Amino acid sequence: MAFRKFLPLFDRVLVERLTAETVTKGGIMLPEKSQGKVLEATVKAVGPGSFNQKGDMQPVSVKVGEKVLLPEYGGTKVVLDNKDYFLFRDGDILGKFME
Amino acid sequence: MAFRKFLPLFDRVLVERLTAETVTKGGIMLPEKSQGKVLEATVKAVGPGSFNQKGDMQPVSVKVGEKVLLPEYGGTKVVLDNKDYFLFRDGDILGKFME
Amino acid sequence: MAFRKFLPLFDRVLVERLTAETVTKGGIMLPEKSQGKVLEATVKAVGPGSFNQKGDMQPVSVKVGEKVLLPEYGGTKVVLDNKDYFLFRDGDILGKFME
Amino acid sequence: MAFRKFLPLFDRVLVERLTAETVTKGGIMLPEKSQGKVLEATVKAVGPGSFNQKGDMQPVSVKVGEKVLLPEYGGTKVVLDNKDYFLFRDGDILGKFME
Amino acid sequence: MAFRKFLPLFDRVLVERLTAETVTKGGIMLPEKSQGKVLEATVKAVGPGSFNQKGDMQPVSVKVGEKVLLPEYGGTKVVLDNKDYFLFRDGDILGKFME
Amino acid sequence: MAFRKFLPLFDRVLVERLTAETVTKGGIMLPEKSQGKVLEATVKAVGPGSFNQKGDMQPVSVKVGEKVLLPEYGGTKVVLDNKDYFLFRDGDILGKFME
Amino acid sequence: MAFRKFLPLFDRVLVERLTAETVTKGGIMLPEKSQGKVLEATVKAVGPGSFNQKGDMQPVSVKVGEKVLLPEYGGTKVVLDNKDYFLFRDGDILGKFME
């Protein structure tokens, strides 16, 4: 997979947003405006972490495959193999969903 | 419960605001404008804490179930299972109420 | 008392402003405009302190019951049991009055 | 004296400005505009100091009774027993005069 | 080669952007506007790193020859032997591509 | 001398600017506009230094009597015994001239 | 030489810009506008360095005589013996050229 080849630097986290629901449960297609902004995403790759005050590497707090909640704004869109991903700093990710 | 599955990252605290009083003690319904902004909330989930200057994890200062006083502004609204919650940084919560 | 139940977080200090004088020494009532802004207050509750650069807890520099001088601006008004209090960061309080 | 009862917090220094000269050496009264802004002051009370990077208390660099040179701007006016004083952070005082 | 002679200072990284595709796969020439902004680049030279909080040298996180992903904005264009290169701080490079 | 009595605090340096040349080498008087701004100055008094990250006193880098180069802007004018001096932070002085 | 007498303070570096080419290789004189801004310079004097987080002196990263690449903006012009030099902080110099 494309993202396997990409290694974020420092405390950056590469995520893929979940697809917005385009059809209601009743089967009615939703116009794009009615589709909510998707803030859930799956972690695809993580950087090695950032250096703390003591000069030690602080690993990021999420792992590949985890479902995370993104902030509404921020993040950097990157296109890898024609697919949209987003890079967030570890500290900007709001939380994660535990199964 | 929905919030059980959500784990805030770092020093973030997930809270649920108390419901605004919509009826006076005398039984008169209050229009939305007259309902005061609710600043009290219950802690629903807490992050593991943030790293201090020595690189050690500093736990957050509130616990799940505690009643807290929120600042009038700030916080990030998050919707989990169609219910509104708010994320605050531990350091932005003004205080807690002790029974 | 209401404030007994409220515990400020970190280095926050809960104070109650002294009442403005509404009558002159000679017994003449003062209109609200002529009443000076009251900057003296009594400490009602204090937070545990904040963490210093070494990760140790630094207690606040005032104690419950002490009379303090507040800065003219700043502070957060909080209403507890229908009474007005103010929260100040320990470092923003200008000084205290010793009997 | 009033200022004896007031203890500045942290690295704050309470000073009393010298009186502006209102009469020339030749005995002519000066209108208020011609009176220079007085930047010399006497230290009346000092705070215990501020915490340095190691978490140790750093005492202030001036002592009660010393004559200091104030910056042209800054400082907080406080009124104690109907007399004007000014609070400056230790680090904002420009220098002191040695007899 | 020109860049061999140039040694970036601190945590600066000298990169050469990949050439924009000017012809489609079908052989049609693309006008300059239709050519996407190239964010991939090859590392040509790296600085020795920057000093961390302990005063130790922290090497940069990329190596000469690695393919990196640049942020859309930022970087300093430098012309060496009539060829365009860009200098980025190590911390501003988004990630690298692993073969 | 006046400046002997004045002790700058922290890393402040008291300097006296060299006099601007008001006559050309050929003996022609220069109007004030043509006189260049004098950036050379003599150190008249120095503060004890500032505290570094470890809480130790860091002495200033210039000594009384040394000739220094001032930045074009900045510095605080102070009048001592009717003579103009300037206070600069040690770190703002550009360099010194060695005989 | 003039610059021998001048010692920059802290991490400042005194440089002399290379002269802009005023004649093309073919011998045609270039108007001033067509002369590129010269970003290459020779180091003429260096300060002792700056203090790092541990309070130790960190020497500058360039040496007298080295050819450096300057940023397009920044630096402070200083005139020593009627000749133009520029002062840059060590950290603002982009890189150096190795023979």
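Residue numbers (the UniProt record's numbering), protein chains in the order written: chain A, 1 to 99; chain B, 1 to 99; chain C, 1 to 99; chain D, 1 to 99; chain E, 1 to 99; chain F, 1 to 99; chain G, 1 to 99. Ideal Cβ positions, reconstructed from N, Cα and C, are used throughout, including at glycine. Source: prediction; values computed, not measured.
Under 8 Å Cβ-Cβ, which residues of chain E neighbour residue i?
i, result
"Gly55(A)", "Asn52, Gln53, Lys54, Asp56 and Gln58"
"Phe10(A)", "Ser61 and Gly91"
With DSSP as the reference, label residue i as helix, strand or coil.
i, result
"Asp84(E)", "strand"
"Lys25(G)", "coil"
"Gly75(B)", "coil"
"Met1(D)", "In this prediction, Met1(D) has a pLDDT of 45, which is less than 50 and means its spatial position is unreliable; what the coordinates show is noted afterwards. Coil."
"Lys67(F)", "strand"
Tell me the DSSP bridge mates of residue i?
i, result
"Leu18(B)", "Leu18(B) is not bridged to any residue."
"Leu7(B)", "Lys96(A)"
"Val38(C)", "According to DSSP, which records beta bridges pairwise, Val38(C) is partnered with nothing at all."
"Ser50(B)", "Gln58(B)"
Within 10 Å of its beta-carbon, does residue i have 16 or more other beta-carbons around it, so buried, or fewer, so exposed?
i, result
"Gly95(F)", "buried"
"Lys77(D)", "exposed"
"Leu7(G)", "buried"
"Lys44(A)", "buried"
"Ile93(D)", "buried"
"residue 100(E)", "This structure gives no information on residue 100(E), because the portion of chain E shown stretches from 1 to 99."
"Asp81(E)", "exposed"
"Asp90(G)", "buried"
"Met1(A)", "Confidence at Met1(A) is low in this model, with a pLDDT of 45, below 50, so its placement is unreliable and no value can be given for it."
"Val68(F)", "buried"
"Leu14(F)", "buried"
"Leu18(B)", "exposed"
My guess is that residue i and residue j are in contact by the Cβ rule of under 8 Å, so how many angstroms apart are they, rounded?
i, j, result
"Gly74(B)", "Phe88(B)", "7 Å"
"Gly49(C)", "Val62(C)", "So it is not a contact: roughly 11 Å between Cβ atoms."
"Leu39(D)", "Glu72(D)", "7 Å"
"Gly47(A)", "Arg12(A)", "5 Å"
"Ala41(F)", "Phe86(F)", "7 Å"
"Gln53(F)", "Gln53(G)", "5 Å"
For a contact meaning CB atoms closer than 7 Å, what does residue i contact in chain C?
i, result
"Val78(D)", "Leu69 and Leu94"
Would you mind telling me which residues of chain E sit closer than 7 Å to residue i, beta carbon to beta carbon, in chain order?
i, result
"Gly47(G)", "Chain E residues near Gly47(G): none, gap ~15 Å exceeds 7 Å."
Below 7 Å on C-beta distance, what does residue i contact in chain D?
i, result
"Phe97(C)", "Lys5 and Phe6"
In chain B, which residues lie less than 8 Å from residue i when you measure between Cβ atoms?
i, result
"Leu87(C)", "Leu94 and Gly95"
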